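This report refers to the structure that appears directly beneath it.
Residue numbers (the UniProt record's numbering): 1 to 312.
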């Protein structure tokens, strides 16, 4: 299928991972609709700062892309879904949630070691307070240090010539999309390390009033992934009002007696890893948002909002 129409402009961050993800979406859209797509690189405040992401705030990698969308400089954008604020934007629309990559976390360690094989005192780097809290909760006598940087630079701190860490924990999806899965020494079971809400998922966003493009992008939507992500982010959104402790969630779709069911697991962990509340809920894909809200309410009822000050 060919098209004489002008290329659609896809806004993307300039990192290797963002470019890979955006090119993947662009190629899928062209294959599905025949419309050519060109990438437009947008520099975000998050790319220009070395401060920890937790200090920069939610949406730091998203705001510049959204500004370019609203200004008409690009037609659509691809985000790592977990970077998006949970509140809907009044003028923008998530037109597609493509099939999700593996949402689990991955360990990349020296000498091919697994988490259990790392000796006491080993230094593990990771960028997320959620991962830090869950690593501390395992009681493995490991030293956990916060790090920043792209996937390649994080792996280099373990496997590069100037390596200064024994291991890093990062999202498996990013490693896989960059073709570096062979360097993963262990994919972490969600029972040990529950992922971030929407981890491994992408959000394809355009202006809400661009009905033609909304329709075009819908060809990329993967309904099971969208339902899982809605459940996870609905839980997060409900918790954000009452809890600032590390939050984790993972939804899976499985065949039930009366059709597909969502199984949603959620956890809130104190930053020092000493306390955690882990609960689950099930329901139908159509009720994904309600499942997330209900699980968040269950977590708050169980005292999740009391975990935020546990490091003091």
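Ideal Cβ placement from N, Cα and C applies to all residues, glycine included. All figures in this text were calculated on a predicted structure; none of them were measured in a lab.
In this structure the region 215 to 224 does not lie against the region 183 to 192, because fewer than three pairs of beta carbons, one per stretch, are closer than 8 Å. Boundaries of the alpha helix (DSSP H) around residue 240: 223 to 240. Residue state for residue 287 is assigned as helix, using DSSP reduced to three classes. Collapsing the DSSP output to three states places residue 105 in a strand. As the crow flies, the alpha-carbon of residue 308 is around 14 Å from that of residue 302. Look at residue 143 here: in three-state DSSP terms it is strand. Fewer than three beta-carbon pairs drawn from the region 140 to 152 and the region 199 to 213 are found closer than 8 Å, and the two stretches are therefore not classed as touching.
Nearest to residue 291 by alpha-carbon distance, out of 271, 93, 268, 233, is 233.
Sequence-distant partners of residue 225 (beyond 5 residues in either direction) whose C-beta falls short of 8 Å from its own C-beta, in its chain, are 97, 98, 99, 100, 201. Spanning the alpha carbons of residue 176 and residue 252 requires a straight line of approximately 20 Å.
Between residue 170 and residue 144, the CB-CB gap reaches or exceeds 8 Å.
In the DSSP annotation of this structure, residue 184 is not part of any beta strand (DSSP E), being labelled neither H nor E. About 16 Å separates the CB atoms of residue 30 and residue 40; that is not less than 8 Å, and the two are not in contact. Checking the DSSP bridge columns, you'll see residue 207 partnered with 92. Annotation: the continuous beta strand (DSSP E) that includes residue 261 extends over 259 to 269.
Under the three-state reduction of DSSP output, residue 73 falls in the coil class, being neither helix nor strand. Around the beta carbon of residue 91, fewer than 16 other beta carbons lie within 10 angstroms, which makes this residue exposed. In the displayed model, residue 80 falls within a strand according to three-state DSSP.
Rounded to whole angstroms, the gap between the alpha carbons of residue 287 and residue 134 is 29 Å. For residue 167, the enclosing beta strand (DSSP E) has its first and last residue at 167 to 171. When secondary structure is reduced to three states using DSSP, residue 155 falls in the helix class. Going by DSSP, residue 28 is part of the alpha helix (DSSP H) stretching over 16 to 33.
Scanning 20, 261, 244, 22 for the CA closest to the CA of residue 299 turns up 244.
Residue pairing for residue 125: DSSP places it in a beta bridge opposite 145, 168. Here the C-alpha atom of residue 273 lies approximately 42 Å from the C-alpha atom of residue 74. With fewer than 16 other CB atoms across the displayed protein chains lying within 10 angstroms of its CB, residue 120 is exposed. Residue pairing from DSSP places residue 247 in a beta bridge opposite 268.
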